[in-house]
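Numbering (this note's numbering), first residue to last: 2 to 507.
Glycine included, every Cβ here is placed at the ideal spot set by N, Cα and C.
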C-alpha cells in the first residue's frame, strides 16, 4: 500500500471514535516512524472496536485478516531504553526515588503496589520500576533519568525478572467439575472487569475447545486481576491454587521442534546468544532470570532456553534458529530432564485396572491443564500402544503438575506412588541401536564425554546422578549411558554418536 493510503487509513480509523489510538500517539508506547506498523495498529484497533466483523477490516481493499498476532514486534519501543537505579545506591536513596517518581503524577506505579503484579520486597527492583515509569511518563529524555546522579539509562529491558510474581501461584479448576460449572466460572471471571480474557477469545493465541483449559485461564486471570488472595480463587469451591504454572504445556508448538545451541560453542557465543534473544523483545526469558524456575549456572542450558524462546516468539521459522550458525533445530524436547522432581516419587497405575479406567485417567489428567502430555501424543517420544504405560505417564504428569501431593495421585483409588522411576524401559528406541564408548578410552575422555552430553541440555542424565537408579562407580558405564542418551535425544543420527571418534554404535 502507498504511504498516502496508509495515512488515510490511520486518519479514518483513529477519527472514527471506534479505535483507541492513544498508544500510537508520539509519546505512546507503540509509536513508530514506520507508517506500515502505525497503520496496521490503527486498522486493527478499528476492527476490534467495531466488533471483529470481516467488513470492518476492508479499508477499500487495502487490509487483510491474519490469524497470528502481528503486534508482538510492534510493541517494542523504537527507543529501547530504560531508566534504572545505579548499582550501590543506599536504601534511603532508593526509597526517596520511589517516593519522588510515584508522587510526581508522571509515573504509573500501580503495578508495584503491595497487591500489584510487579510488587517485590527488593527495593532495588521497586526503585528501578518507579524511576523508569517516571522516565517514560516524562518523555524518554536523558534529564528525566537523572535522580541526583543515582540512575542510568540501559538498552535492555530490566523488567523481565520483576514480572514474575513472588507468590508463584495459579488458580485453576478443580478436577471433576461439570461443563456447566466451568462455563459459569468463565462467564463470571471474564464478565467481572477484573480478568483479561482477550487471549481466550476465539481468535486469541490461547483459545481452545477444551473448556477445562479455558476455565482455568479465566479463573486465574480473575485471581491475578483481583490481587492473588485466596478468596479470589474460590468460585463456589470449584477452584484450587497450585504452585506450578499450568500453562507451560499450552506453549509447546504443534510443530514439535526446538532450537538449541550447537555442541562446542564458546561461552562468549552462548552469552551473546542469550543477550540477543532476551533483548529482542520476542523471547520470554523470565523463567531463566536468577529467581526463575529454569535458572541454571549451566550457560549451555540457559542459551538453549533463550534461543528456543526466541525461535518460538518469532514464529518457528528456520531462519529464526540460525544465530550465526551456532544453533540447530531438534525434534525431541530438550527440557525433559529439567522437569524431574527432586523428591524422586512417581504416580503410576495400580495393577489390575480396567482399560476403561485407564483411558478415563488419561483423559482426566491430560485434559486438566496441569499435565504436560505432549510426549505421549502419537508422534511423541514416549507414545505406546500399551494403555497401562500411557495412563501411568499421564497420571504422573498430573501428579507433578499439581504439586507432588498424595491427593493428586488418588484417581478414585486407581493409582499408587512409587519411588523408582518407572519410565526407564520406555526410553529404549524402536530402532534398537545404541551409542556406547569405544574400548580403550581414557578416564579423562570418558569424563569429558559425560560432561558434554549431560551439559548439552539434550541428554536426560538424571538416572546416573549419585542418587539415581543407574548410578555406578564404573566410568565406562556412566559415559556410555550419557552418550547414548544424547544420541537418542538428537535423533539417532550417526554424527550424534561421534564424540571425537571415541564412540561407536551397537
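Would you list the residues sitting across from residue i in a DSSP beta bridge?
i, result
"residue 172", "242"
"residue 418", "348"
"residue 328", "262"
"residue 508", "Residue 508 lies beyond the stretch modelled for the chain, which goes from 2 to 507, so this question has no answer here."
"residue 504", "438"
"residue 152", "86"
Applying the 10 Å Cβ sphere with the 16-neighbour rule, what's the burial state of residue i?
i, result
"residue 298", "exposed"
"residue 488", "buried"
"residue 262", "buried"
"residue 370", "buried"
"residue 507", "exposed"
"residue 65", "exposed"
"residue 188", "exposed"
"residue 175", "exposed"
"residue 7", "buried"
"residue 214", "buried"
"residue 402", "buried"
"residue 1", "The question about residue 1 has no answer, for the chain in this structure spans 2 to 507."
"residue 209", "exposed"
"residue 79", "A caution first: residue 79 carries a pLDDT of 34, below 50, which makes its placement in the model too unreliable to give a value."
"residue 67", "exposed"
"residue 350", "buried"
"residue 473", "exposed"
"residue 167", "At residue 167, the pLDDT of 33 sits below 50, so the modelled position is not reliable; the number obtained from the coordinates is stated separately. It counts as exposed."
"residue 144", "exposed"
"residue 375", "buried"
"residue 201", "buried"
"residue 102", "buried"
"residue 38", "buried"
"residue 100", "exposed"
"residue 116", "exposed"
"residue 23", "exposed"
"residue 461", "buried"
"residue 463", "buried"
"residue 232", "exposed"
"residue 289", "buried"
"residue 178", "buried"
"residue 364", "exposed"
"residue 56", "exposed"
"residue 465", "buried"
"residue 25", "buried"
"residue 408", "exposed"
What distance in whole Å lies between the Cβ atoms of residue j and residue i, which are believed to be in contact at a cut-off of 8 angstroms?
i, j, result
"residue 410", "residue 348", "4 angstroms"
"residue 301", "residue 329", "Residue 301 to residue 329, Cβ: 13 angstroms. No contact."
"residue 514", "residue 276", "Because the chain in this structure spans residues 2 to 507, residue 514 falls outside the shown range and cannot be described."
"residue 415", "residue 354", "5 angstroms"
"residue 222", "residue 197", "6 angstroms"
"residue 21", "residue 52", "With 8 angstroms as the limit, residue 21 and residue 52 do not qualify as a contact, their Cβ atoms being about 14 angstroms apart."
"residue 125", "residue 170", "Contact flag wrong, Cβ pair sits at about 24 angstroms."
"residue 107", "residue 138", "4 angstroms"
"residue 286", "residue 304", "That belief does not hold up - the Cβ atoms of residue 286 and residue 304 are roughly 11 angstroms apart, past 8 angstroms."
"residue 153", "residue 85", "6 angstroms"
"residue 399", "residue 372", "4 angstroms"
"residue 220", "residue 186", "6 angstroms"
"residue 140", "residue 28", "6 angstroms"
"residue 500", "residue 450", "5 angstroms"
"residue 395", "residue 437", "With 8 angstroms as the limit, residue 395 and residue 437 do not qualify as a contact, their Cβ atoms being about 32 angstroms apart."
Stretch-stretch touch, CB-based, cutoff 8 angstroms, three pairs: the region 40-55 with the region 10-26: yes
Would you call the region 210-230 and the region 281-291 in contact, with 3 or more CB pairs under 8 angstroms? no
Quick test of the definition: if touching needs 3 or more C-beta pairs under 8 angstroms, does the region 453-461 touch the region 475-491? yes
Threshold first: 4 residues or longer. Then list the alpha helix (DSSP H) segments lying entirely within the region 62-137, N to C. 72-75, 92-104
Whole alpha helix (DSSP H) runs in the region 167-222 with 4 or more residues, listed along the chain? 180-192
Would you call the region 314-330 and the region 375-384 touching, i.e. three or more CB-CB distances under 8 angstroms? no
Flag this pair as touching only if the region 53-65 and the region 110-117 have three or more C-beta atom pairs under 8 angstroms; answer yes or no. no
Three Cβ pairs or more, each shorter than 8 angstroms: is that satisfied between the region 389-409 and the region 441-448? no
Within 8 angstroms, do at least three Cβ pairs link the region 84-98 to the region 143-153? yes
Could you tell me which whole beta strand (DSSP E) segments of length 3 or greater appear in the region 375-414? none
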